[in-house]
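Presented below is the structure to which this report refers.
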Amino acid sequence: MSADKTSKRVYIKSDDYGWVPAKLVKRNDADGTATVSVRNYTDENRINSDGDRPSKYVKGSSEVVVELSDYESSILPLQNVDEDGVLNEVPDMVDLPFLHEAAILYN
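Taking our numbering, the leading residue of the sequence shown gets 251, the next gets one more, and so forth.
Have a look at this one:
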């Protein structure tokens, strides 16, 4: 698995949904922010780590700037995805490479 491809897939906090999948666009350490791209889902039950595949439940995407200080150690939690950005689900969550709240919710 290529770290370059998977390390850009993160989760960001959401007031409405707890956590949502996003793709890191740019990290700005100078001001402690990160710009991410978030897909706009029309049905909250369809929010998932799908590698940006076309979906009738997605209406474009939005770029969002997040404050890294809002995250533990100022690091965005990584998604457990393959090189295509598709979620790797595991039957035993102990086997998740990145174990955190968002990973548990999406597994």
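C-beta: ideal position from N, C-alpha, C; glycine also.
Collapsing the DSSP output to three states places D281 in coil. In the three-state DSSP reduction, I354 falls in the helix class (H, G or I).
Close CB contacts of D320 within its chain, under the 8 Å cut and outside five residues either way in sequence, are with K263 (chain order).
With 16 or more other CB atoms across the displayed protein chains lying within 10 angstroms of its CB, I297 is buried. Burial is judged here by how many other beta carbons sit within 10 angstroms of a residue's own beta carbon; S323 has fewer than 16 and is exposed. In this structure Y261 is in contact with P327, their Cβ atoms being roughly 5 Å apart against a cut-off of 8 Å. Sequence-distant Cβ neighbours of K309 in its own chain, meaning closer than 7 Å and more than five residues away, are N290, T292.
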